[in-house]
Ligand code: S3P
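Residue numbers (my numbering): 4 to 427.
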């Protein structure tokens, strides 16, 4: 993908469905009784991997254009898969699915692409084993492929050692199959889509501050409306915020407070972002974002804020490069365990574009404003790195060529077309 300098960003766009919510909708609908319909579903490769896995487990899922229909078979209606399940590039698929499979009375094997097979799985294998699950993988369960021999589980109380919605969700989903109560305690709150959706499907889940409890109980098919993904909106939010004379409206964006760190950070950098039409849709906060371009200034982002903007850090680094002064990001060690080592990828590639950026063990320091020069950069096969570099290209004197940009289809197949609509 080759990106050329833009003069301004202008227009009105909608953003594809939220990836986290789309995954959960397929999973919960599959283990519910009766039919579910999902509108706004993200047809990105990650969520299509989730559909494939549940089809492999005997669930009928129909794409009817406007909506996805899932014929749920109840908590114990999944069938032993005839082949290895493939989660592709998707950590959410592998980790949340494992939480469901440990409750099934059969054997499953889950694999993924080279990136996913290098990501840490002990973080789910450990608590699931504590619940009585037989789950294994390469290096004693640290790495996929994972094998799961499901069976009887007991509820546990588990304090999350890393703030991770994927680990939290894996334990809570296993809790649907466990005897007694399962409790998860978080130190910093991570995205709570699983909790909200389990409740919407009729599950026995309670949340008191950072403590969540769940008990077994059937789920029932629902209508799910998936809002636009704020993590995809983030690329255009940064582009329009940092480019003077820009005016962009992004409609129907999910504004769950566990996800809106990007808005807070951009505002702390001086960005002009307004929220209109705020409403609740499908149990999640939704609104339109109105962005006007301004000069930005550097900021500081610390550990407590990280879970609310973890996926947006690559593009926040681009905003920081364009901003006047220093930006310091710390407490973000988790970035090393994403689709790529995102600290390394961001530092290496923004450096190539002339940005003064230094790696920290748990983050980065960026000195702006940079004069971004063009050139060839590498996505590391990571969708969010590819899109963040494309946004840097909009501010570059010479074109920016992003190598291996096809990975963008993981979360945002129409990224380039959407960008073309708003770039002047
Ligand atoms: C996700 C949680 C986050 C995030 C990922 C999606 C989810 O991962 O980075 O893109 O849907 O639960 P962790 O929970 O592992 O931090």
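Note that the Cβ used here is the ideal one computed from N, Cα and C, for glycine as well.
Measure the alpha-carbon distance for residue i versus residue j and round it to whole angstroms.
i, j, result
"residue 225", "residue 204", "6 Å"
"residue 214", "residue 21", "25 Å"
"residue 414", "residue 386", "7 Å"
"residue 428", "residue 406", "Lying outside 4 to 427, the shown extent of the chain, residue 428 is not represented and no answer is given."
"residue 114", "residue 51", "15 Å"
"residue 103", "residue 177", "6 Å"
"residue 61", "residue 128", "24 Å"
"residue 116", "residue 59", "17 Å"
"residue 247", "residue 241", "12 Å"
"residue 330", "residue 360", "9 Å"
"residue 11", "residue 274", "15 Å"
"residue 380", "residue 402", "11 Å"
"residue 86", "residue 163", "32 Å"
"residue 257", "residue 230", "5 Å"
"residue 199", "residue 411", "28 Å"
"residue 400", "residue 5", "13 Å"
"residue 173", "residue 98", "6 Å"
"residue 281", "residue 289", "6 Å"
"residue 249", "residue 14", "9 Å"
"residue 349", "residue 427", "26 Å"
Pick from the options: whose alpha carbon is nearest that of residue i?
i, options, result
"residue 111", "140, 191, 384", "140"
"residue 369", "326, 162, 395", "326"
"residue 153", "118, 78, 216", "78"
"residue 254", "16, 192, 104, 373", "16"
"residue 54", "47, 38, 72, 29", "29"
"residue 515", "122, 272, 411", "Here the chain has residues from 4 to 427 only, and residue 515 is not among them."
"residue 145", "122, 249, 182, 100", "122"
"residue 161", "40, 187, 351", "187"
"residue 149", "295, 403, 132, 279", "132"
"residue 107", "27, 81, 120", "81"
"residue 206", "34, 155, 419", "34"
"residue 278", "291, 237, 168", "291"
"residue 267", "334, 229, 315, 408", "315"
"residue 321", "355, 75, 426, 394", "394"
"residue 2", "262, 25, 236", "The structure shown has nothing for residue 2, since the chain only spans 4 to 427."
"residue 365", "305, 343, 357", "305"
"residue 261", "193, 37, 347, 65", "193"
"residue 404", "419, 384, 378", "378"
"residue 74", "348, 245, 38, 67", "38"
"residue 270", "383, 168, 159, 323", "323"
"residue 328", "301, 418, 228", "301"
"residue 92", "126, 409, 137", "409"
"residue 147", "7, 90, 84", "90"
"residue 372", "41, 49, 353, 425", "353"
"residue 336", "357, 358, 309, 318", "309"
"residue 238", "289, 294, 223", "294"
"residue 358", "375, 367, 23", "375"
"residue 169", "155, 197, 151, 134", "197"
"residue 227", "191, 218, 287, 9", "287"
In three-state DSSP terms, what is residue i?
i, result
"residue 147", "strand"
"residue 1", "In the structure displayed, the chain extends from 4 to 427; residue 1 sits before or after that span and is not available."
"residue 294", "strand"
"residue 55", "helix"
"residue 15", "strand"
"residue 40", "strand"
"residue 193", "coil"
"residue 181", "strand"
"residue 255", "strand"
"residue 413", "helix"
"residue 70", "strand"
"residue 94", "helix"
"residue 337", "helix"
"residue 286", "coil"
"residue 421", "helix"
"residue 122", "coil"
"residue 108", "coil"
"residue 31", "helix"
"residue 390", "helix"
Evaluate residue i with the Cβ neighbour count: other Cβ atoms within 10 Å of its Cβ, from every protein chain shown; 16 or more gives buried, anything less gives exposed.
i, result
"residue 398", "buried"
"residue 166", "buried"
"residue 189", "buried"
"residue 185", "buried"
"residue 307", "exposed"
"residue 195", "buried"
"residue 183", "exposed"
"residue 65", "exposed"
"residue 220", "exposed"
"residue 69", "exposed"
"residue 180", "buried"
"residue 222", "buried"
So is the beta-carbon of residue i under 7 Å away from any non-hydrogen atom of the ligand NAD?
i, result
"residue 132", "No copy of the ligand NAD appears in this structure; the ligands present are the ligand S3P."
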